[in-house]
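All remarks here apply to the structure that follows.
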Amino acid sequence: MKPIYHELGFNVTCIDTQHIRKDFVASYLIEDNGQAAFIDTGCHLSVPTLLATLNAKNISRESVDYILLTHIHIDHAGGAGELIKHLPNAMVYVHEYGYKHLIDPSKLCAGVVQVYGELFFKQFLGDLIPISKQRIIIAKDSDEVTLGKRILRFIDTPGHARHHVCIWDEKSRGIFSGDTLGVSYREFNISQGKLIFPPTTPIQFDPGVWKKTINQLMSLKPKYAYLTHFNRIDFDQDSANMLIEHINGFVNIANTLKTQPNRVKAIKEALLNYLLTLASKQGVTLDEQQQIKLFKGDLGICAQGLNVWLDHQN
Ligand SMILES: [Zn+2]
């Protein structure tokens, strides 16, 4: 297994978990003075890539002290149970609402099967392995961990999911944002900027709370967002405004289509049109079929999340 990773400076490495495709799901590795931490793990099938990256960078498994999880969605935390088996000294940090699902992933498993289907789960996500509670620490808002000479701080960030924390790295002025600062694929980069959109994943999408969270994160005056999907981007107020605008855009689509008979399908199609229009307005020149392929993985999940959100409005 040859790992693919990107050195970002500040001793931060973006590991391409190569889940489904390249440049789709990242895990981050931070080193500082002989200590190391993973932030998010990808899914179960991503673990060999993470271990191969440690090997390639000559980092011992013993020196990894932390697995910090932004939230427990399977593409972020699904590999934690398998990974920790190979890291004798690591502790897992997770939001209090995620804690019990790491110890007993059966409910999470059922949820994943509902969203992705059993076949996809087995084939592309692998498994969910329980973690013993002795190895899990609850990450509360403002809690910090020390890694070598740097401090990593947790921030409670509901909106995408209630079990979401972001991790603030003062050293790089960067936020490890999981899904909270949106999804932005590098293939859509244009000279004037990037395309950022909100993953409105089931079942806890809450637009009002999410927008508040984004504004709270901006008060840190970050320079970077380390996105899980995908890689580090410069993140300024314009980026935040873009994300908020598209949360509103997605919600408008859901509201407009709420009485449609096949609501999920209708929302999915409208989201695709919305994103293609957006890309074309921004001057993205990528072939349309290629764009559809890149958006495809998110659209069904975003539509399902908006559908659940509509149900909760009643
Ligand atoms: Zn998520």
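Residue numbers (my numbering): 824 to 1137. Quick reminder that beta carbons are idealized off the backbone N, C-alpha and C, glycines included. Remember, it's a predicted structure, so these values are computed and weren't measured experimentally.
Using the C-alpha atoms, what's the distance from residue j back to residue i?
| i | j | result |
| --- | --- | --- |
| Arg1086 | Ala933 | 23 Å |
| Lys1035 | Gly1106 | 30 Å |
| Ile974 | Ile907 | 22 Å |
| Ile1090 | Val938 | 16 Å |
| Ile954 | Asn1064 | 38 Å |
| Gly1005 | Ile1019 | 6 Å |
| Phe833 | Ile827 | 18 Å |
| Gly971 | Lys1088 | 49 Å |
| Val1074 | Leu1129 | 7 Å |
| Ile1076 | Ala984 | 20 Å |
| Arg996 | Phe847 | 23 Å |
| Ile1115 | Leu1109 | 10 Å |
| Ile895 | Thr1079 | 31 Å |
| Asp966 | Pro1084 | 46 Å |
| Asp888 | Asn912 | 6 Å |
| Phe1058 | Lys930 | 35 Å |
| Asp863 | His899 | 5 Å |
| Lys1081 | Leu1133 | 7 Å |
| Leu852 | Lys1044 | 23 Å |
| Met824 | Glu885 | 21 Å |
| Lys994 | Asp964 | 19 Å |
| His1069 | Ser883 | 42 Å |
| Met914 | Ile890 | 6 Å |
| Thr1003 | Asn881 | 32 Å |
| Val936 | Leu1101 | 31 Å |
Ligand 1 and residue i: does any heavy atom of the ligand fall closer than 7 Å to the residue's C-beta?
| i | result |
| --- | --- |
| Pro1022 | yes |
| Ala1048 | no |
| Ala984 | yes |
| Glu992 | First, the residue type needs correcting, since residue 992 is Asp and not Glu in the sequence shown. It does not: the Cβ of Asp992 is nowhere closer than 7 Å to a heavy atom of ligand 1. |
| His894 | yes |
| Asp1002 | yes |
Is DSSP giving residue i helix, strand or coil here?
| i | result |
| --- | --- |
| Asp888 | strand |
| Val848 | coil |
| Ser965 | coil |
| Asp1121 | helix |
| Glu830 | strand |
| Thr836 | strand |
| Phe1058 | coil |
| Tyr916 | strand |
| Gly1209 | This structure cannot settle anything about residue 1209, because the visible part of the chain is limited to 824 through 1137. |
| Ala984 | coil |
| Asp992 | strand |
| Asp1110 | coil |
| Tyr1008 | coil |
| Ser1000 | strand |
| Ile1115 | helix |
| Lys923 | helix |
| Lys1035 | helix |
| Asp1134 | helix |
| Asn881 | coil |
Run through the DSSP bridge pairs and tell me what residue i is partnered with.
| i | result |
| --- | --- |
| Ala860 | Ile853 and Tyr889 |
| Arg973 | Leu970 |
| Ile1090 | Answer is none; Ile1090 lacks a bridge partner. |
| Asp979 | Val988 |
| Gly1016 | Ile1013 |
| Leu1050 | Gly1001 and Asn1054 |
| Ile959 | Val915 |
For ligand 3, any of its heavy atoms closer than 7 Å to the Cβ of residue i?
| i | result |
| --- | --- |
| His899 | Judged by which ligands are present, ligand 3 is missing from the structure shown, whose ligands are ligand 1. |
(Q) Below 8 Å, how does it come out for the stretch 1045-1062 and the stretch 1092-1106: are there three or more Cβ pairs, yes or no? (A) no
Q: Kindly confirm or deny that the stretch 1023-1037 and the stretch 978-985 touch, where touching means at least three C-beta pairs closer than 8 Å.
A: yes
Q) If we count Cβ pairs, one from each stretch, closer than 8 Å, do we get three or more for the stretch 870-882 versus the stretch 832-846? A) yes
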